[in-house]
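Set out below in structure tokens:
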């Protein structure tokens, strides 16, 4: 709807030449009632405030009349009606314009997504998921993985070059503990055969000994030193331990349909000393009790080298941000972690800025709250442990299957039920997370996320399946709907059709907002508004008549809606279901 925005902007500039154009940004929102118009231009009160500050009194009616007068003079062919209403101006668009815009946006082909608004070609790095080796992925990894994937998908849709970085915790003290523990157990040769459950159990035992046994603690530190110095035995064990975890991570990523490029902490090892040396040359490093720190005059400093000469997570993150900004030449670097890590990354960003490493790059923290149970407390198992992500996924499959069997068991084969259950289960987990504002905690409930009522994945999947069934019912090839000649004589006859078009055409606004704030719930809310607008349209505007004939305009509107949902499914990582 950029054309409408530009017409409104020019009208405001013409009406109030005494006000700087930068202050006359059109404030357009959907009209509260489509009977009065499609959009409301809400600039009257802001303009009155600007004029008053300049010493000029002007009534609401005077401002409104000026705006309406200039809009009318524009004689824009896409505007059917302009009407003042209290403190805003109602704008009604022509049916022809609404249809033309929707056809251009959504009706390219059934295989492609809606046409994206041109976006600058950028290189973007998204750091997300990032589980720790030797630990099972848990519900705490879920939000970073899902939100990060959606951010990547959004920029891939906009044809950016996206680096999907999995900054796995594959280096550090935990490997010294594990290696020392496996040596005590005489299990070094069998390390690559360990199931992830054993590896996690061994890690827990090793951590207890590390905290309580001074001799074991010293040996663990010695193993870390050997590992860092490149000892063949320790490096071999480290690689085998990483591979055990990697297989487990990949199994979960495959179930969630998540693609990642593993660039773990160990990748930056050759860069750590160079990073410290460069920061030292820049005069940013100082000694503090034998350690090398960067004091940014904040609550706590960054430590780039410990008293024993070892490097830290701070060193790794400084090396990583430099590599991403200067070697990968990223225009934007996005870190998707819990909000608890925000202070740390603010220090990293500040230090990188001071070093001059990110002058041509935007860096930001895409933070999120924690997953809580229905009692409002952190989601835990009955024994008080963190819920494993694999257990959560399997439970979603199970509950989705039980729900489908209750209503559809006689309609589908066992294989179809299993396939639909996996699609519904995974989509439900993702959507429940993404439709919640990421900066807040969200309550996890299988019952709510698998419900067919309200803003849930099940409701969205059902809407998609219902629209998909139209082509089967009328017996045409879906490609026929995209025939441009058949779109020449479309006719809008009902308010529900107009409302559906207006809602669909908000897509560009939603994408623009999400690019700016990285808030997936905005896209979820738009998808829900599309689904509810379509439900209202479908219930009141017959697509297929009782005699089997059909209304071609409404078939096209249904396909536009299907394309809108398909776009949302792609960006949010949901599974399409043709039958449900």
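Numbering (UniProt numbering), first residue to last: 1 to 580.
Glycine included, each C-beta is placed from N, C-alpha and C at the ideal position.
Given the structure is predicted, the values throughout are model-derived calculations rather than measurements.
Q | Simplified DSSP state of residue 132, which is helix, strand or coil | A | Residue state, collapsed to three classes: strand.
Q: Please report the Cβ distance between residue 326 and residue 357, rounded to the nearest whole angstrom; I am assuming they are in contact, meaning their Cβ atoms lie under 8 Å.
A: Sure, about 6 Å apart at Cβ, within 8 Å.
Q.
Quick check: what's the CA-CA separation for residue 564 versus residue 20?
A. Going from the Cα of residue 564 to the Cα of residue 20 covers about 38 Å.
**Q.** CB of residue 392 within 8 Å of CB of residue 429, strictly
**A.** Yes, the Cβ-Cβ distance between residue 392 and residue 429 is below 8 Å.
Q.
Buried or exposed, going by whether 16 or more other CB atoms sit within 10 Å of the CB of residue 446?
A. Answer is buried; the Cβ neighbour count reaches 16.
Q. When DSSP builds the beta bridges, which residues end up paired with residue 292?
A. Within the DSSP bridge table, the entry for residue 292 names 287 and 305 as partners.
Q.
If I measure Cβ to Cβ from residue 261 and keep anything under 7 Å in the same chain, skipping five residues before and after, which residues do I get?
A. Only 163, 164, 165 and 166 meet the Cβ criterion.
Q: Provide the residue span of the alpha helix (DSSP H) that contains residue 153, from first to last.
A: Per DSSP, residue 153 belongs to the alpha helix (DSSP H) from 139-157.
(Q) If the criterion is Cβ atoms closer than 8 Å, does the pair residue 433 and residue 143 meet it? (A) Between residue 433 and residue 143, the C-beta gap is smaller than 8 Å, which places the two residues in contact.
Q: With DSSP as the reference, please indicate the residues paired to residue 125 in a beta bridge.
A: Looking at the DSSP assignment, residue 125 forms a beta bridge with 163 and 333.
Q) So residue 37 and residue 76 are in contact, right, with Cβ under 8 Å, and what is the actual spacing, rounded? A) Rounded, the Cβ-Cβ distance is 14 Å, inconsistent with contact.
Q) Between the segment 127-136 and the segment 223-232, do three or more beta carbon pairs fall short of 8 Å? A) Not touching, per the Cβ criterion.
(Q) Measuring only the C-alpha atoms, how far is residue 468 from residue 333? (A) C-alpha separation (whole angstroms): 38 Å.
Q. What is the DSSP secondary structure of residue 349, reduced to helix, strand or coil?
A. Here residue 349 sits in helix by DSSP.
Q: Could you have a look at residue 581 and say whether DSSP puts it in helix, strand or coil?
A: This structure cannot speak to residue 581, because the chain is shown only from 1 to 580.
(Q) So, at 8 Å on beta carbons, what are the nonlocal neighbours of residue 5 in its own chain, with the 5 sequence-adjacent residues on each side left out? (A) In the same chain as residue 5, and ignoring 5 residues on each side of it, the C-beta atoms closer than 8 Å to its own belong to 26 and 28, in chain order.
Q) Looking at the structure shown, is residue 443 part of a helix, part of a strand, or coil, going by DSSP? A) Note: residue 443 maps to strand in three-state DSSP.
Q.
Along the chain, where does the alpha helix (DSSP H) containing residue 368 start, and where does it finish?
A. From DSSP, residue 368 is part of no alpha helix (DSSP H); its letter is neither H nor E.
Q. Would residue 141 pass as a contact of residue 339 if the rule is Cβ separation under 8 Å?
A. Contact flag unset, no.
Q.
With three or more beta-carbon pairs closer than 8 Å as the criterion, would you say the segment 499-512 touches the segment 111-123?
A. The segment 499-512, when compared against the segment 111-123, does touch it at the 8 Å Cβ threshold.
**Q.** Strand pairing of residue 459, partner residues [DSSP]
**A.** Looking at the DSSP output, residue 459 bridges to nothing.
Q: Could you spell out where the beta strand (DSSP E) holding residue 538 opens and where it closes?
A: Segment 520-540 is the alpha helix (DSSP H) holding residue 538; no beta strand (DSSP E) there.
**Q.** Nearest-angstrom Cα separation, counted from residue 150 out to residue 504
**A.** Computed Cα separation, rounded: 20 Å.
Q | Minimum C-alpha distance to residue 301 - residue among 350, 337, 271 and 255 | A | Between residue 301 and the set 350, 337, 271 and 255, the nearest pair of CA atoms involves 350.
Q | Completely contained alpha helix (DSSP H) runs for the UniProt domain "Arginyl tRNA synthetase N-terminal" (2-93), where each covers 4 or more residues | A | The UniProt domain "Arginyl tRNA synthetase N-terminal" (2-93) contains these whole alpha helix (DSSP H) runs: 2-15, 44-53 and 60-74.
Q. Given that a residue counts as buried once 16 or more other Cβ atoms are within 10 Å of its Cβ, and exposed if not, what is residue 306?
A. Looking at its Cβ environment, which holds fewer than 16 other Cβ atoms inside 10 Å, residue 306 is exposed.
**Q.** As assigned by DSSP and simplified to three states, the class of residue 475
**A.** Residue 475: coil per DSSP, three-state reduction.
Q | Cβ contact (3+ pairs, closer than 8 Å) linking the segment 278-296 and the segment 239-257 | A | For the pair of segments examined, the segment 278-296 was found not to touch the segment 239-257: the number of CB pairs separated by less than 8 Å stays below three.
Q) Going by beta carbon distance, what residues of the same chain come within less than 6 Å of residue 177, once the five residues before and after it are set aside? A) Spatial neighbours of residue 177 in its own chain (CB-CB distance under 6 Å, excluding positions within 5 residues in sequence) are listed in chain order as 206, 210 and 220.
Q) Are there 16 or more other CB atoms within 10 angstroms of the CB of residue 499, so buried, or fewer, so exposed? A) With 16 or more other Cβ atoms within 10 Å, it is buried.
(Q) Give me the DSSP bridge partner(s) of residue 338. (A) Assignment of beta-bridge partners to residue 338 by DSSP yields 368.
(Q) With a threshold of 7 Å on Cβ separation, who are the neighbours of residue 578 within its own chain once the five nearest residues in sequence on each side are excluded? (A) Short of 7 Å from the beta carbon of residue 578, and not among the five residues preceding or following it, lie these beta carbons of its own chain, in chain order: 465 and 468.
Q | residue 105, buried or exposed, once every other Cβ within 10 Å from all chains shown has been counted against 16 | A | Buried, because 16 or more other Cβ atoms sit within 10 Å of the Cβ of residue 105.
Q) Does the pairing of the segment 434-442 with the segment 360-368 give three or more beta-carbon distances under 8 Å? A) Using a Cβ-Cβ distance cut-off of 8 Å, the segment 434-442 and the segment 360-368 are in contact, since at least three pairs of beta carbons, one from each stretch, lie closer than that value.
Q: Could you check what DSSP says for residue 404 in three-state terms: helix, strand or coil?
A: Residue 404 falls in the helix class under three-state DSSP.
(Q) For the alpha helix (DSSP H) containing residue 213, name the first residue and the last one. (A) No alpha helix (DSSP H) contains residue 213, which DSSP labels as neither H nor E.
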